[in-house]
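Data first, discussion second: the structure below is written as structure tokens.
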Amino acid sequence: MTQQTNAARPSERAKRSAPLAMLYTIGARFPVVARLPRPLQFLIRRSLVEIPARLNRARCSRTTVVGVTGSMGKTTTTHLLTTILAATGSTVTNRRDDNGLGGVPATIRAIRLSDRFAVVEAGIFDQPGEMRWMAGLMRPEVAILTGIGEDHSSAYGSRERVALEKRALLERLGRDGTAVVNSDDELARRMARGISCRVVLAGSSPDADVRVVSAKLAWPDGLDLQLAIREQLLQARVPLHATHLAPLAALAVAAAEACGIPAPRAVEAITTFEPPHGRMNLVDGPNGSRFLMDDYKSRIANAVLAVRALGEAPAQRRIAVLGEAQECIHTAATYAPVAAALPACADILISVGRSGPPFTELLRGTPLAGCHTSVDTVDAAVSALADLREGDLVLVHGATRQHLKRIKLILDGIDVGCRVRRCTFPQPCPDCRFLSSEPPARNIEAR
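Set out below in structure tokens:
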């Protein structure tokens, strides 16, 4: 019989530890702390939240902790795995997908003695040693490495250095632990070499221990997925709306097996998965249209995958609303891979922000050139979507700080008073207390 979790959603279990995450953020504003060198600031802020997390992890040592990291897909993987584990026992995970130096200790602090599992997503920012510190708080029995992208390369200097930072999570596993690694990412595979624990490969490559045999789009329900696990061939319809997300399901099933969940039960459980907001989740739009919301975080590689997903989906008209990529120079050379994918996948392009001029240059002479509207504001993007009709599919993809989710909220008739072009608040707009006004000046990057 399925054991009920202690809240409607495992992520809400961490709500009671939210003040711990806030303490990490507020610590930077103490006048004495703010005047110190940044490395010392981080040391002091970490010390404010570290002890409660360590004490609670020691108290709840029987809880199986799974750490999830990587450059792409870690939030979706975290939600997939949480769905599987919560069907078996009481499970806690990050609140509001807060995977930073405040959110990770808050999640550890939220574990209860009655919890069977904790799934902790861990991201890095720009200080070497962050992952080692978070891994020390988690003391995981299982770790997932989803892959290594271009994120944080500007801070760390290269993808290889980013990979070494994330490897710290795998290194924290004991000999009895299990590292689940994306078999399709060569750099991720290299990071698993030489560690003392068991390594399980999951993905589409022929040597994967949990292998994606096929992933066919069953629009609008998701993917018809086939997974090969040893001698078993398991099938399920999973609510993932792009074929490139299939390896994430394999990672989650492999990690669930490492937690003691039989593979058939794990595959059955992920049929109830709900995609996290802003990460390729499908929602209804005006006049019978549909929106594929992928508005949380954008890198060039992610944008190409999102555009291809738009092209895979059946629709009368495919409309791409593309904002800016993060951590890049906004030139034609930067956006060239996205522009190359667009003509075959989109009928209409609405670019928002600094991506507009590069797309205008790159699409000149293509069939999409006359169907491209470049805008600078959310209001202008809403106006460009005024004639939505049944059969339209709209992809919304852009940088987190642009908060392009406001486009959909305005179209839904929700009161949105915030019109800044970019702000530093990471939380989704519906959760922001400034949605009906605008954020404080210190959080506004561009008006």
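First residue of the sequence shown: 79, per the numbering used here; consecutive thereafter. Using N, Cα and C, we set each Cβ at its ideal position, and we do this for glycine too. For clarity, every value in this text was computed on a predicted model and none was experimentally measured.
Beta-bridge partners of G145 (DSSP): V198 and A221.
Boundaries of the beta strand (DSSP E) harbouring G300: G300 to I307, taken from the DSSP string. Rounded to the nearest angstrom, the gap between the Cα atoms of R276 and D425 is 47 Å. The shortest CA-to-CA distance from A165 to any of A327, L133, A257 and A347 is the one to A347. In terms of Cβ geometry, N134 and R174 do not form a close pair [threshold 8 Å]. By the criterion of a C-beta distance shorter than 6 Å, A213 is surrounded in its chain by A246, L247 and R250, once the five residues flanking it on both sides are discounted. Three or more beta-carbon pairs separated by less than 8 Å are not found between the stretch 403 to 411 and the stretch 490 to 509, which leaves the two stretches without contact.
Counting along the chain, H450 sits inside the beta strand (DSSP E) bounded by residues H450 to V453.
A distance below 7 Å between beta-carbons, with the five flanking residues on each side excluded, links G178 to the following residues of its chain, in chain order: G201 and F203. Distances from the alpha-carbon of M209 to those of F503, G180 and V453 put G180 closest. Of all C-beta pairs linking the stretch 376 to 388 to the stretch 511 to 524, fewer than three are shorter than 8 Å, placing the two stretches out of contact.
Excluding residues up to 5 positions away in sequence, L383 lie with their Cβ nearer than 6 Å to the Cβ of H322 in the same chain. Judged by their CB atoms, E402 and S452 are not nearer to each other than the 8 Å cut-off. Annotated three-state conformation of D509 is helix, per DSSP. If you keep only unbroken alpha helix (DSSP H) runs of at least 4 residues inside the stretch 332 to 373, you get 341 to 347. Distance from the CA of A447 to the CA of L441, rounded to the nearest whole angstrom, comes to 5 Å. The C-beta distance from A270 to V259 rounds to 5 Å, short enough to fall under 8 Å. Around the beta carbon of Q480, a 10 Å sphere encloses 16 or more other beta carbons of the protein chains shown; the residue is thus reported as buried. Rounded to whole angstroms, the Cβ separation of A324 and L360 is 16 Å, and the two are not in contact under 8 Å. DSSP places I226 outside both helix and strand once states are collapsed to three, so it counts as coil. Taking the C-beta atoms as reference points, L463 is found no nearer than 8 Å to A391. Closest by C-alpha distance to S515, out of P504, G495 and C501, is G495.
DSSP, read as helix, strand or coil, puts K483 in helix.
Around Q313, the same chain offers Q304 as residues with beta carbons nearer than 6 Å, after the five sequence neighbours per side are excluded. The Cβ atoms of D454 and R386 do not sit closer than 8 Å to each other.
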